[in-house]
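Taking UniProt numbering, the leading residue of the sequence shown gets 1, the next gets one more, and so forth. We put the CB at the ideal spot given by N, CA and C, even for glycine. Notes follow once the structure below has been shown.
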Amino acid sequence: MDEDVKTKDNLNFRKDLACICKRKELEITTENNGVIKPKASYAISNKQQSDVRKWLQKLKLPDGYASNISKCVDLDDDKLFGFKSHDCHMLVERLISVAFRHLLPNSVWESVTKFCHFFRDNCSTVVQVQHMKYRWMYPFE
């Protein structure tokens with residue numbers, strides 16, 4: 001979530017971005033007091049990140065759906081930790097589109113929702129009877 005230590009979004013990257021991608025809205029601008037790096041349309045502020053973490057901490061899910069996600073949220077250090085693989089699946093498939101609905105612009109949110117639907121459809125299994133050679137264990141019953 002845009003941590004200074006972990007991000008690769010530095011001045012050299014922005015200079016390369018200006019040469020390669022031609023995205024005027026993300027180019028570096030120089031003013032009298034220094035360099036300004038504009039935020040992308042999908043970036044959210046620290047307060048919005050805190051709101052998402054508070055929402056995850058208050059979230060109640062049915063038994064067996066996912067583990068207690070509120071235990072994986074640390075509001076003091078502003079971190080998410082200790083997610084199991086199934087919790088990550090639930091986060092990607094179901095919760096991200098709900099959590100960021102009112103925080104992102106509509107065009108970005110639609111893309112995120114399509115991403116979530118893709119993973120939901122990709123992980124679900126569909127068995128069609130006409131493709132099965134035998135419906136029963138033995139063909140003659």
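Secondary structure at Thr-125, three-state DSSP: helix, strand or coil? Translated into positions along the sequence shown, residue 125 becomes position 125. In this structure, Thr-125 counts as coil in the three-state DSSP scheme.
Any idea which residues DSSP pairs Leu-80 with across the strands? Working through the sequence shown from its first residue, we reach residue 80 at position 80. According to DSSP, which records beta bridges pairwise, Leu-80 is partnered with Val-73.
So, does the segment 59–78 touch the segment 30–43, judging by three or more C-beta pairs under 8 angstroms? no
Which of the three DSSP states is assigned to Thr-113 in this structure? Numbered from its first residue, the sequence shown carries residue 113 at position 113. Note: Thr-113 maps to helix in three-state DSSP.
Considering just the uninterrupted stretch of the alpha helix (DSSP H) at Ile-96, what are its terminal residues? Residue mapping note: residue 96 aligns to position 96 of the sequence shown, counting from 1. Ile-96 -> alpha helix (DSSP H) spans 96–99.
Leaving aside the five residues before and after Met-119 along the sequence, list all residues of the same chain whose C-beta is less than 7 angstroms from its C-beta, in chain order. For the purposes of this step, residue 119 is identified with residue 119 of the sequence shown, where counting begins at 1. Per the sequence shown, residue 119 should be read as Phe rather than Met. Around Phe-119: Val-92, Glu-93.
Reference Cys-116, options Arg-101, Asp-9, Leu-75, closest by Cα: For the purposes of this step, residue 116 is taken as the residue at position 116 of the sequence shown. For the residues Arg-101, Asp-9, Leu-75, the minimum Cα distance to Cys-116 belongs to Arg-101.
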